[in-house]
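Residue numbers (my numbering), protein chains in the order written: chain A, 410 to 553; chain B, 60 to 197.
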Amino acid sequence: MNSKCLGKKYGPFFYKAAFEKMREFSLAVKDDNSIFAERSLSASAPYEEAIAHPLFCACFNQKPLSVAVRDPELGIDLAKLLHGEQEFEFHKPVTDGMELLTEGEIAKIWRKDRYNFMQIESVTRDKCGDKVVTGRYTVLMVGW
Amino acid sequence: MQSKTVFTIGQKFYENIEIDKYRPHIYAGASGDFNPIHIDPQAGQCAGLGGNILQGMCTYAMLASFAMRALGRSGRIVKMKARFKTPVKPGDTLSFCGEIAALEGNSLTMKVEVLNSSSVPVMQNAELEFVLDGVSET
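Pasting the structure below:
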């Protein structure tokens, strides 16, 4: 991995949340909680509108990572790439119709044993600029 | 008025989740992650994985769902982390074991162990932090 890419930014990437997609995601991860699938129950739970499963952020927050690992300047061999630790902070629920912007930055690049590590911090905000979710994705690549 | 939910440090929760043959495809459609190693057994073979594997974020989401169910939906996740250890394959049954590790005011931390059908850990250092509503400590 090219350590000169430390601090390189990716995005912003736009995503608009939609209720049917939110419901489809929760069912895909075998979560049939009606709070994610029924508008009326979401409203009483005690949110005022339908909310998404927290990990629905996979649909938009990891976009900077998926772009970065294909960045020729970074020099990642996808065949040697492994996922390491991932961390999320959920600042506010994603709701139907929410317009989201995600920007990511290479926060760390380091070496340990036979592995190159990289961490991307990806921040998604709503249209008011408020943080919705922060993701920290660590990937590792075998060899120098 | 809703009654308070009582939790205790050391309290444990268990759940098994079966990963059916089509789960990687269903998740791909929902998330947009169509990486061939997830949906094409041959691509998984070529990558040395012995077949297609479930998307890591799907396992991650199931971890969150397990913890939310365990706590009776009585709060919301504010933070979670975990390290991927072993790929999950279609046909696996994941065994989740969660334990309340910290409880202070309305803040609760749960540590979770996730094993596959061969009792091999698929995640390491899985930890979730919740803000709870209507909770009392014992």
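Every residue, glycine too, gets a C-beta built ideally from N, C-alpha and C.
Test item: CB-CB of residue i and residue j under 8 Å
{"i": "G157 of chain B", "j": "A126 of chain B", "result": "yes"}
{"i": "L108 of chain B", "j": "P83 of chain B", "result": "no"}
{"i": "K80 of chain B", "j": "P149 of chain B", "result": "yes"}
{"i": "H513 of chain A", "j": "L474 of chain A", "result": "First, the residue type needs correcting, since residue 513 of chain A is Gly and not His in the sequence shown. For G513 of chain A and L474 of chain A, yes; Cβs fall inside 8 Å."}
{"i": "F497 of chain A", "j": "Y424 of chain A", "result": "no"}
{"i": "L523 of chain A", "j": "V551 of chain A", "result": "The amino acid occupying residue 523 of chain A in the given sequence is Arg; Leu does not appear at that position. Cβ distance < 8 Å, so R523 of chain A and V551 of chain A count as in contact."}
{"i": "F66 of chain B", "j": "R135 of chain B", "result": "no"}
{"i": "V171 of chain B", "j": "A185 of chain B", "result": "yes"}
{"i": "F499 of chain A", "j": "P463 of chain A", "result": "yes"}
{"i": "I529 of chain A", "j": "I518 of chain A", "result": "no"}
{"i": "E494 of chain A", "j": "K140 of chain B", "result": "yes"}
{"i": "T504 of chain A", "j": "A446 of chain A", "result": "no"}
{"i": "M410 of chain A", "j": "I485 of chain A", "result": "yes"}
{"i": "I159 of chain B", "j": "I76 of chain B", "result": "no"}
{"i": "V478 of chain A", "j": "L487 of chain A", "result": "yes"}
For residue i: DSSP bridge partner residues
{"i": "E429 of chain A", "result": "Answer is none; E429 of chain A lacks a bridge partner."}
{"i": "H492 of chain A", "result": "A:V548"}
{"i": "D480 of chain A", "result": "Its beta-bridge partners do not exist; DSSP assigns none."}
{"i": "I460 of chain A", "result": "A:T504"}
{"i": "K418 of chain A", "result": "A:E514"}
{"i": "V542 of chain A", "result": "A:F499, A:T533"}
{"i": "F465 of chain A", "result": "The partner list for F465 of chain A (beta bridge, DSSP) is empty, contrary to what the question assumes."}
{"i": "F423 of chain A", "result": "A:L510"}
Within chain B, partners of residue i - CB distance below 9 Å
{"i": "F423 of chain A", "result": "Simply none; closest approach about 14 Å."}
First through last residue of the alpha helix (DSSP H) which encompasses residue i
{"i": "A446 of chain A", "result": "443–446"}
{"i": "M139 of chain B", "result": "Here M139 of chain B belongs to no alpha helix (DSSP H); instead the beta strand (DSSP E) covers 134–143."}
{"i": "M121 of chain B", "result": "115–129"}
Start and end residues, beta strand (DSSP E) containing residue i
{"i": "S154 of chain B", "result": "152–163"}
{"i": "G513 of chain A", "result": "508–521"}
{"i": "D535 of chain A", "result": "524–535"}
{"i": "F189 of chain B", "result": "182–191"}
{"i": "K170 of chain B", "result": "166–174"}
Neighbour list for residue i in chain A, Cβ cutoff strictly below 8 Å
{"i": "K138 of chain B", "result": "E496, F497, E498, F499"}
{"i": "M169 of chain B", "result": "Within 8 Å Cβ-Cβ: nothing; M169 of chain B doesn't reach chain A, min ~14 Å."}
{"i": "C156 of chain B", "result": "Simply none; closest approach about 18 Å."}
{"i": "Y86 of chain B", "result": "A437, V438"}
{"i": "Y119 of chain B", "result": "L464, A467, Q495"}
{"i": "I68 of chain B", "result": "Per Cβ cutoff of 8 Å: no residues; I68 of chain B is ~23 Å from chain A at best."}
Residues that residue i contacts on chain B, provided the C-beta gap is smaller than 8 Å
{"i": "V548 of chain A", "result": "None at all; the shortest Cβ gap to chain B is about 10 Å."}
{"i": "I444 of chain A", "result": "R132"}
Amino acids of chain B, ordered along the chain, whose beta-carbon sits closer than 7 Å to that of residue i
{"i": "P463 of chain A", "result": "A123, I136"}
Within chain A, the residues that residue i reaches when beta carbons sit closer than 9 Å
{"i": "F143 of chain B", "result": "L491, H492, G493, E494, Q495"}
{"i": "G115 of chain B", "result": "H492, Q495"}
Cross-chain neighbours of residue i in chain A, by beta carbon under 7 Å
{"i": "I76 of chain B", "result": "K439"}
Every unbroken beta strand (DSSP E) inside the region 63–100 of chain B [3 residues or more]: 64–66, 71–77
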